[in-house]
Structure formats: C-alpha cells, structure tokens
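Q: Chains as they are written, first to last, in my numbering: chain L, 1 to 286; chain Y, 1 to 392; chain W, 1 to 344. C-beta: ideal position from N, C-alpha, C; glycine also. Fair warning: this is a prediction, and the values are worked out from it, not measured in the lab.
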Amino acid sequence: MLTILFDGIAYGLLLFILAVGLSITLGLMNFINLAHGAFAMAGGYITVIMVHRFGISFFWSLPAAFIITAVLGAFLERTLYVQLYDKSHLDQVLFSLGLIFMSVAAVDYFMGANQQIVNLPPSLDGRLQFFGASIGYYRLFVIILCSLLTIGLQLVLTKTRFGSRLRASVDDQRVARGLGIDVSRIFALTFAMGSGLAGLGGALGAPFFNIDPTFPLKFMIYFLIVIAVGGTTTITGPFFSALLLGVADVAGKYYVPAIGGFIIYTIMVAVLIFRPQGLFGRVTGR
Amino acid sequence: MLLRRQFLGVCAGVALSFGLSGLALAEDTVKIGLILPMTGPSASTGREIEAAIKLYMQQNGDKVAGKKIEVITRDDTGQADITKRLAQELVVNEKVAVIAGFGLTPLALAAGPIATQAKVPAVIMAAGTSMIVEQSPFFVRTSFTLPQNTTPMAEWAAKNGIKKVVTLVSDYGPGIDAEKAFKEKFTADGGQVLDSLRAPLRNPEFAPFLQKAKDLKPDALFLFVPSGQGASLMKQVAERQFKEAGIQVIGTGDVLDDEQLNAMGDVVLGMITSMDYSAAHDSPENKKYVAEFEKANPGMRPNFMSVGGYDGIALIYKALEKTGGDTTGTKLIEAMKGMAWTSPRGPISIDPDTRDIVQNVYIRKAEKVNGQIYNVEFATVPNVKDPLHGKK
Amino acid sequence: MTSLAAGARVATADPGAHLVAKARWRWPEFLLWLFAIALIWLAPSRYLLFNEIAILALLALSIDLVLGFSGIVTLGQGAFYGLGAYTAGLMAKHGIGTFPWSDPLLGLLGAGLVAGFVGFLSSFLVLRGSDLTRLMVTLGVALIVQELGNKLDWITGGADGLQGVMPAPLLGLFDFDIFGRTAYLYSLSVLFVLFLLARALVNSPSGLSLRAIKGNVIRARAIGIPVERRLVVIYTIGAAYAGIAGALLAQTTQFVSLDVLSFEKSADALLIVVFGGVGTLYGALVGSIAFKAMYDVLASATPEYWSFWLGLALVLLVLFARGGIIGLLTALRDRLDRARSARA
Numbered sequence: 001m002l003t004i005l006f007d008g009i010a011y012g013l014l015l016f017i018l019a020v021g022l023s024i025t026l027g028l029m030n031f032i033n034l035a036h037g038a039f040a041m042a043g044g045y046i047t048v049i050m051v052h053r054f055g056i057s058f059f060w061s062l063p064a065a066f067i068i069t070a071v072l073g074a075f076l077e078r079t080l081y082v083q084l085y086d087k088s089h090l091d092q093v094l095f096s097l098g099l100i101f102m103s104v105a106a107v108d109y110f111m112g113a114n115q116q117i118v119n120l121p122p123s124l125d126g127r128l129q130f131f132g133a134s135i136g137y138y139r140l141f142v143i144i145l146c147s148l149l150t151i152g153l154q155l156v157l158t159k160t161r162f163g164s165r166l167r168a169s170v171d172d173q174r175v176a177r178g179l180g181i182d183v184s185r186i187f188a189l190t191f192a193m194g195s196g197l198a199g200l201g202g203a204l205g206a207p208f209f210n211i212d213p214t215f216p217l218k219f220m221i222y223f224l225i226v227i228a229v230g231g232t233t234t235i236t237g238p239f240f241s242a243l244l245l246g247v248a249d250v251a252g253k254y255y256v257p258a259i260g261g262f263i264i265y266t267i268m269v270a271v272l273i274f275r276p277q278g279l280f281g282r283v284t285g286r
Numbered sequence: 001m002l003l004r005r006q007f008l009g010v011c012a013g014v015a016l017s018f019g020l021s022g023l024a025l026a027e028d029t030v031k032i033g034l035i036l037p038m039t040g041p042s043a044s045t046g047r048e049i050e051a052a053i054k055l056y057m058q059q060n061g062d063k064v065a066g067k068k069i070e071v072i073t074r075d076d077t078g079q080a081d082i083t084k085r086l087a088q089e090l091v092v093n094e095k096v097a098v099i100a101g102f103g104l105t106p107l108a109l110a111a112g113p114i115a116t117q118a119k120v121p122a123v124i125m126a127a128g129t130s131m132i133v134e135q136s137p138f139f140v141r142t143s144f145t146l147p148q149n150t151t152p153m154a155e156w157a158a159k160n161g162i163k164k165v166v167t168l169v170s171d172y173g174p175g176i177d178a179e180k181a182f183k184e185k186f187t188a189d190g191g192q193v194l195d196s197l198r199a200p201l202r203n204p205e206f207a208p209f210l211q212k213a214k215d216l217k218p219d220a221l222f223l224f225v226p227s228g229q230g231a232s233l234m235k236q237v238a239e240r241q242f243k244e245a246g247i248q249v250i251g252t253g254d255v256l257d258d259e260q261l262n263a264m265g266d267v268v269l270g271m272i273t274s275m276d277y278s279a280a281h282d283s284p285e286n287k288k289y290v291a292e293f294e295k296a297n298p299g300m301r302p303n304f305m306s307v308g309g310y311d312g313i314a315l316i317y318k319a320l321e322k323t324g325g326d327t328t329g330t331k332l333i334e335a336m337k338g339m340a341w342t343s344p345r346g347p348i349s350i351d352p353d354t355r356d357i358v359q360n361v362y363i364r365k366a367e368k369v370n371g372q373i374y375n376v377e378f379a380t381v382p383n384v385k386d387p388l389h390g391k392k
Numbered sequence: 001m002t003s004l005a006a007g008a009r010v011a012t013a014d015p016g017a018h019l020v021a022k023a024r025w026r027w028p029e030f031l032l033w034l035f036a037i038a039l040i041w042l043a044p045s046r047y048l049l050f051n052e053i054a055i056l057a058l059l060a061l062s063i064d065l066v067l068g069f070s071g072i073v074t075l076g077q078g079a080f081y082g083l084g085a086y087t088a089g090l091m092a093k094h095g096i097g098t099f100p101w102s103d104p105l106l107g108l109l110g111a112g113l114v115a116g117f118v119g120f121l122s123s124f125l126v127l128r129g130s131d132l133t134r135l136m137v138t139l140g141v142a143l144i145v146q147e148l149g150n151k152l153d154w155i156t157g158g159a160d161g162l163q164g165v166m167p168a169p170l171l172g173l174f175d176f177d178i179f180g181r182t183a184y185l186y187s188l189s190v191l192f193v194l195f196l197l198a199r200a201l202v203n204s205p206s207g208l209s210l211r212a213i214k215g216n217v218i219r220a221r222a223i224g225i226p227v228e229r230r231l232v233v234i235y236t237i238g239a240a241y242a243g244i245a246g247a248l249l250a251q252t253t254q255f256v257s258l259d260v261l262s263f264e265k266s267a268d269a270l271l272i273v274v275f276g277g278v279g280t281l282y283g284a285l286v287g288s289i290a291f292k293a294m295y296d297v298l299a300s301a302t303p304e305y306w307s308f309w310l311g312l313a314l315v316l317l318v319l320f321a322r323g324g325i326i327g328l329l330t331a332l333r334d335r336l337d338r339a340r341s342a343r344a
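1. Might you give, ordered along the chain, the residues of its own chain that have their beta carbon closer than 8 Å to the beta carbon of Y86 (chain W), omitting 5 neighbours on each side?
2. Please list, in chain order, the residues of the stretch 79–100 of chain Y that have any C-beta partner in chain W closer than 7 Å.
3. So what does DSSP say about R364 (chain Y), is it helix, strand or coil?
4. So which residues of chain L does M264 (chain Y) contact, with C-beta pairs closer than 7 Å?
5. Is the CB of V73 (chain W) under 8 Å away from at least one CB in chain L?
6. Which residues in the same chain have their Cβ closer than 8 Å to the Cβ of L197 (chain Y), if we skip the five residues on either side of it in sequence?
7. As a quick exercise: from L:F141, L:G27, L:L200, pick the residue whose alpha carbon is nearest that of S37 (chain L).
8. Taking G194 (chain L) as the reference, give the member of L:L2, L:L26, L:G8 with the closest Cα.
9. Using the Cα positions of L153 (chain L) and A238 (chain Y), report the straight-line distance between them to the nearest angstrom.
10. When the distance is taken between beta carbons, is A198 (chain L) closer than 8 Å to A40 (chain L)?
11. Taking only beta-carbon atoms, is H89 (chain L) less than 8 Å away from chain W?
12. Starting from L235 (chain W), trace the alpha helix (DSSP H) both ways and give me its first and last residue.
13. Do D91 (chain L) and I84 (chain L) come within 8 Å of each other at the CB atom, strictly closer than that value?
14. What is the DSSP secondary structure of V271 (chain L), counted as helix, strand or coil?
15. Could you give the residue range of the beta strand (DSSP E) that holds V73 (chain W)?
16. In the DSSP output, which residue or residues are listed as bridge partners for G101 (chain Y)?
17. Suppose contacts are defined by Cβ-Cβ distances below 8 Å. Is K78 (chain Y) in contact with G40 (chain Y) by that definition?
18. Please classify F7 (chain Y) as buried or exposed, where buried requires at least 16 other C-beta atoms within 10 Å of its C-beta.
19. Which whole runs of the alpha helix (DSSP H) in the stretch 186–223 of chain W are 4 residues long or more, in chain order?
20. Does chain W have any CB closer than 8 Å to the CB of D171 (chain Y)?
21. Less than 8 Å separating the beta-carbons of S306 (chain Y) and E89 (chain Y)?
22. Determine, using beta carbons only, whether G278 (chain L) and V229 (chain L) come nearer to each other than 8 Å.
23. Leaving out the 5 sequence neighbours to the left and right, which residues in its chain are closer than 7 Å to A26 (chain Y) when beta-carbon positions are compared?
24. Using a Cβ cut-off of 8 Å, which residues of the stretch 246–259 of chain W contact any Cβ in chain Y, in chain order?
25. Determine which residues share a DSSP beta bridge with M275 (chain Y) and list them.
26. Output yes or no for whether 8 Å exceeds the beta carbon distance between A65 (chain L) and A192 (chain L).
27. Per DSSP, N375 (chain Y) forms a beta bridge with which residues?
28. Taking C-beta to C-beta, are L146 (chain Y) and A181 (chain Y) nearer than 8 Å?
29. Should G44 (chain L) and I211 (chain L) be called a contact, given that it needs their Cβ atoms to be closer than 8 Å?
30. Quick one: is L256 (chain Y) near chain W, going by C-beta distance under 8 Å?
31. Which chain Y residues are close to K159 (chain L), counting only those with a beta carbon under 8 Å from its beta carbon?
32. Give every residue of the same chain whose Cβ lies closer than 7 Å to the Cβ of D195 (chain Y), excluding the five residues on either side of it in the sequence, and list them in chain order.
33. Looking at the secondary structure, which residues open and close the alpha helix (DSSP H) in which G251 (chain Y) lies?
34. From Y241 (chain W) to R199 (chain W), what distance separates their C-alpha atoms?
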C-alpha cells in the first residue's frame, strides 16, 4: 500500500538524519558515542522551548536546533571526547553511557519527566490524497527536507575538498595524517556536524514521537541498528539501511502485526552474522 | 516434606502475626508502609498517589481512634523484586500494620505472599488486573480494574449505533486484558470486532497499526495504551484523520490521563472514554478535592491514580475507626469489607466477597471547558463490579 | 613504580613462579569473605538487601569473566540472567512438592544448563566483527529474548510476572523464610563456590590465554592459542553464571518478572564491574557492595536524580580512575609499598 510505503520512507529518512552523525563519527574516529541520542533529545527540547515557551514558529526552531547542538557538540568534542580517542571501545561506551545518564537526569530536572508535546505547525496539518494513497503533509515535509539534506551531504562528501579529506581520514587515518591532512580539525568539524544533524533530527521528530527525558535510551537501539546494518564507511550505506529498516518496520507491523516488533532486531542480527561490516560497508585499513 | 514445610510455614506465620499484632497493639503509632514507583516510567503514578495521601492526611489529621498514623514511603522504581524486598523489610523491620501502593500489577503480585504470610492488609491503590485480589485474602483494592472500566465502554458503544470496531492496544498484560474485556462484552451485545491489533510496548510508530485500522473502515476505533504513550498516540490518530473519515475514537480513560490532558492539545477533542474518575466530575466532594489538590501541588491536576491513593488511605482510616484502633490484620480486613462512602469520584464501596472496589463508571467526552481540556461525563453506569471475579 | 619494576624483575626471572605468586590467596580476600559471613550476625535485619547484593555480584562476576578477562564487549548478559530466572522459576512452579523438579539446587543446575546452552549458541555471533558489531549483536539478542518473554506470556506470565514459584526447602531442611536468612546464606554459598571456580579458571593456563586474547588477538593467534574455542568456552561459562544468578533471584524472591530480561539489568551489572575494577574478579564483589550502598545513600536523598550522580561517577571513572575501586586500592597499596621500601 502506497500510504504505508510513504510512512515507512518518512520514518526511515528521519532515522537516517538522526543516525548519520553517529555513523560518520564512528567510521571516522572509531569512537562509539552512545550519547548521540542525547544531542537528538537536545534538539527536540530546543524546539519545545522555542515553540511553546517563546511562541516562535516551528520552522525557525529547525535551524536553531541544528546550530545549537552543533556548537554543543564541538564544545564537548574539544573538551571531553578528545581525551578518549585512544582509549578502548569499552571505555568509550561507558563514557558515553555516563553522559547519557547525566543528560537524562539534567533534562528531567529542568524540564520535568513528562512527555513534551509539540503540535504540528498549522500549515503542515492535514493530508494529501493522490493515487488512492494519502500522506500527511508533515511526513511529506520530512521526506523532502531529509532527502535534500542527504543529497547535500553526499555532495559535500564527494565534491568538496573537505569531503575528500574526510573520506581519506575514514579510510586510513595514519596515511591521511601523513599526507598533511589536519585530522583533528576534521574530527571537530565532523563531530559538530553530526551532532547538529542529530539535533535537527530530534527537532523534526518531536511532533511525531514526543520528547521526554528517556528519548536517548529509547532511540539508541534504533540508531545503532541503522548503523550496524548500514556500515560506517559511507553515508549511502546508512541511508539505504535506514530506508530498509523504516519500511520493513512499518510494513511488518501492518501486514504481520504479531511479529512486527521483532523484524528490525532480526534483520540486524541476521545481517551482522553474515556481513559483520554491514550491508554496505567496506572493511577498512585499521 | 510437603507437610513439614506447610507446618513450618504456618508456625512462622502464626508466630509472626502474633508478634506483630501484639507489638502493634502495644504501640500508639500505626505505621503504614507505602510502596510506590517514585522513579522510572511509572513515576507519575507514584507522585499522584503520594500527593493525594498527603492531602488526605492534611485534611483529616493524622490521628485515628487515638492512634497516630505514620506513613513510610518507599520507592520500588517499578521493579517487582524490589517491591518484594521493601514489603518484607517494612513488615519485618518497621513493623507496619498495613502495606499499600503498588503501581503496577507485577508489583502487587510480588507483595501478595508477604501480606498473606505476615497477615498484613495490602491496599492496592493503582494496579488494575482483576486477579490480583484473589492472590491473597489480605488484598483490598481502591483503584479500579481494567475490565471494570472497559466493559461499560463496550456496552455504551453497542447501544449507541456502533456496530463494527477495530481494537488497538499495547502488547502487554493490561493491554490484552482491555482488548479481551472489550471484545467479550461488545460481541455479547451484538457488535463485531473486525480486528484486534497489538502494538509493541516499546513503540514510537503507531502509523502502520492506525492505517490498518482505518483501512478496515470500522464505526469506531478502540484504543488502550499506558498513560505515558497517550500523547504520541493521539497525535498520530489525529494525523491519520479518523474524525474526518467518520470513525469515532473510543477507549479507556488511561489514554486521556487528566495529568497530561491539557498538554496533549486539541488532538484529543471528541474522544469518548470510560473511566472511574474524571477531574471534571460534578460533585461537591470532587470540586473540593480538585481545588485543594491543585493548590497544594501547583501545576498538577489530580487524576484517576490519585483518587486510588486518596480513597485507599481513607479506607485505612475508616477501618481503624471501626476496629477502635485494633491493628490485627484479619480484623482490619473484616472492617474493610463492605465499607461504603462517597469519594471524590462518586459513591464507592468494597465488595465483601471479593475485597475489590465497586464504583460508578462514567462515559465521558474530551471537551474544552473554560479554555482547558477535560473529560466531561455524560453518562453513568452505576455500581460496576469487576466482571471477571468468580468466572474462571 | 618500584613495585612494578620489582614485579618485572621477578617476571623475567621466573614467569611461572610469578604467576603462582599472583594466584595465591591474600589476607584482604579472607577478610572480605569472613566479613560477608559475619554479616549474618552483624546485621540480621538486612538479609534481603545482602541477598540482592550477592546475586548482583554473581551477575557482575559473569560479566567480568566475559568482558574483563576476555575483552568481549557485551550488553546482553541480562538475557541469560532472565533465562536462568525463568527456568528455575518454572521448575519450582510446575514441580511443586515433587522432587526433583522443585529442589533449589537442581533448579540452579537447570538454569545454568539452559542459559549456558543459549550462550553457546549465540557465542558464534560474538566471534565475528568489531566491538560495535558485538555490542549490537548482544544487544539485539537480548532485545529479542525480551520480546519473546513478553509474547510467550502463557509460559512466562508476561507483564504480570511468574506466580507461584515455590522452591522446596534447601537440602530438604531449610525453608525460605520471610526474613531472608536462608536466602542470603544460600546465595552467598553459591557465589563463593562459583567464585572459587572462576578464580581457578582465570589462573589456569586456559584462563591466562584469555588475557592474551584480550590484549592482542592477532598475537595470541600467532602463538597458537585457539582463539575461537577459548572465546566460545568463556562466553558459555559466563552465560551459565548469569543464568545461575537469575535462578537464585527466582528462588529467593519466589517471583519472576519481565524486568530480569531488561537491558537496564545488563547495564547495571556492567557498571558494577567497571566501578569495582575490570578483570579483577573481586571488582564484581566490591563493586556491587559499593553500587548498592551508593544507591541507598544517593537515592534516598534525591531519588529522581540518582542517575545523574551515577553518570558523573562513570565519566570521572573513565577519565581518571580506570581501574575502579580495586584499581584505586591497588594504587594505594603500591604507594604505601614504595614509601616503605624507600624508608628501608
């Protein structure tokens, strides 16, 4: 059914925007940052505050969420994360878990534990009908915006010098440094961008999912699934895996509701058994 | 081996209860152990109940039948093994005369054996599964049961021109209970349930289930989710335009929790639900309750969980008055049986046969009143007993 | 760094003797176990809490074996814990009064076997891929098991939990009393026995090879260590340990709820091992005591925000005190040793 397909695509694209930052930092810096979800949550809350407390239009909150979380990400990267690049993956997992706990509790303290409701901006309310399918205007907006962002990201990666430096650093950090690429600066910029995208994703998702302090923990598993299946060496990998997972999850729940919830976990485990580097990943020189 | 174990158990129980009751009689303070989820996903239940109990004690003082009442509150974080340990510690170390609270069904069930073994009344102020009270002769409930609240909804729907319904519930115990209770009554009254959809509990995306429900073109959509998910569910219901498609949205009041109702916004308007309590209930007792509750807890509206706590402590007070301060477990339970009074929700009583609550269930519609959203009652089903007790 | 140098000197002289010396029992260990037993008389009203700590320590121990010694990053130990709990619970429930089904010790055996078997099956998933892959796979398996637990509610009791768990008296003599005395002694004894086993294991040649694998897989393979086989074995044993911990929980609390399958339990136990000190075995024990104590103190002060302090402690730990509590104590002892030998 076309409607379900659209729903799945919207959901998948949203997951992609949320997860792409994590994919790049993981692939680039070999750093497992579970706290990525906290940036998404921050973006969601920024939207809540701007729209509800200050009455600013929802559309302004999107770039604001991106910028504020990007700055936050850059700051944290330079101060805290940089100290952990050499440490083991376990240490990174624990560190980011600690950050999640702190941010969850801090948000609970300042904003309360209830779900924050963000209402759809009135201009995006309603549904569009065509070819026997219907799609909500907001979902359509999400699809269009996320697609543009994806195209933009891919262009940056493939057509700009920054992008090629980034790709070189992902493939082999030592060689890249040897060629004179300022890998640390790339780390900082990439981390900031990734966090900003997460914040934007959180803001976009706020009208769907409703934001509450447990958001990072609830959604962590979904981001991780997207990345595990998509691999961390490209962004097309997570893109397709997010779409696949979004559509599979939604279609699964529609057509076989009894096992709908299992589907994404099963896909993930299956993929990881047969292709541990993800469906689209390359085995890198590290 | 079995005989010896039973014997030892009985000895322990008797010794314990003699010891406890003896001690309790000697004391001038009656301690009540309140076990609630104050943190974790069910934290709002704990908060509402604690606030309601504080309010009651503020209104009625802390002395009953010459004894001082002391409430000891403990957080079980919503985990059953912790509830069990806390119940044991409260009974054994603090020597409480009554344990109360229990935010979820497994938490109440975990405490049941303690209540039985120690012969201590356990007042259920939140959990809503029918069979809990049957697990121990010391269980008494002042909250509600899901079938009790759901069956009147099915009855109302059948009587009001709704012939075909699709049910959508969260896939866990209470959700399935609601689905079954609705289906049973609705089909018995001549209706037809086109499909019973279950959404995973940990589920951000209701879209596929809602779309499927809509595609089946029922007269009404019956919903049940735990109160934390009501907001995002209703948002997605509105997005799918059920109203415009002529499908009435019905459900139990858990979805439209008073505490969050205003924040949920206009998407909920028009939804019809059934519940034992609405903050908009039009009675002098309730007006007083709501006013004083909101005053003592700014920004917080009392909800159906809070009255469970309010009436629970009221029941304990009344029982103590009836026994003249005697805290022997069995005597308190006898005193509680058949107790009837007017609560902020309406008239309630404790069924002497089942120790479960008998109360009115109201059919209400979500409407805007003076700029705020309330569940406005428009039909009453009086003195509803839980339909499952006695049926096996 | 004097003691390290001294240790190095000893090591080059005779690695075998050095390892044997490291594996000997030291007086703080005796002290800890005696203290645990003495608690029976020192604090009789808190048996239930101690029981909880002992069970948590066993779960943490299982994680230390898998993670601390073998380097397998796992978030899924809770699945085995839950499997063990439900196995023992079901055995006790459906075998009421009939030996052998409701005997607690056989329940432990059953739980260990079931959990170990599932661990064995899933160990192959853990062998492949990077740390992230392992993390995801273990998490994914745990989530699937949790969903199954919810779905198969005609076996597990679903969200309401498993009722009617009535284990027979321990050894036919000791009933599980309301005070928790039997429970604590039982859990403590099981913990002690399994601890001894674990201790022997990690100090054995196979156990030492695990540490080599954790350090550098390629090098370990190069010197002929059968890496896959060792990892499968330790993962299975770790799963069995976790299963037995779950069984203890089911038997001593006479109840099993879906919480045992939750990710939060795995995360808690992981944190405990980290706080105590990874790869030290005692870290699991010390960590669980510290964790519960910290929880009691912090949670009663500010229950909602306890996770903030937990998170902060974790961040500080990773940055500054990587060895955990045992690490700090060891560093302290080293400093004292140095001071003493400097004076001498």
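A: Checking against the coordinates, here is how it stands:
1. Around Y86 (chain W): G149, I155, T156, L162, G246, A250, V256, V260.
2. Q79, A80, D81, K84, R85, Q88, E89, V92, N93
3. strand
4. I117
5. yes
6. V166, T167, L168, V169, F209, K212, A213
7. Residue identity check: residue 37 (chain L) is Gly in the sequence provided, not Ser. For the residues L:F141, L:G27, L:L200, the minimum Cα distance to G37 (chain L) belongs to L:L200.
8. L:L26
9. 33 Å
10. yes
11. yes
12. It should be noted that the sequence gives Tyr, not Leu, for residue 235 (chain W). Its alpha helix (DSSP H) spans residues 227–253.
13. Here residue 84 (chain L) turns out to be Leu, not Ile, going by the sequence shown. Yes, they are a contact pair.
14. helix
15. Note, V73 (chain W): premise wrong, no beta strand (DSSP E); not H, not E.
16. Y:I35, Y:I124
17. Contrary to the premise, residue 78 (chain Y) reads as Gly rather than Lys in this sequence. Result yes, Cβ atoms of G78 (chain Y) and G40 (chain Y) sit closer than 8 Å.
18. Note that F7 (chain Y) scores 43 on pLDDT, short of 50, meaning its location in the model is unreliable and no value can be drawn from it.
19. 205–215, 217–222
20. yes
21. no
22. yes
23. Per-residue confidence for A26 (chain Y) stands at a pLDDT of 46, beneath the threshold of 50, marking its modelled position as unreliable; the derived number appears in the next sentence. So no residue of the chain qualifies.
24. L249, T253, Q254, F255, S257, L258, D259
25. Y:Y362
26. no
27. Y:A366
28. Their beta carbons are under 8 Å apart, which means L146 (chain Y) touches A181 (chain Y) by this criterion.
29. yes
30. no
31. The premise fails here: K159 (chain L) is roughly 34 Å from chain Y at the closest Cβ pair, so nothing lies under 8 Å.
32. V166, L216, listed in sequence order.
33. Judged by DSSP secondary structure, G251 (chain Y) falls outside any alpha helix (DSSP H) and instead within the beta strand (DSSP E) spanning 248–252.
34. 13 Å
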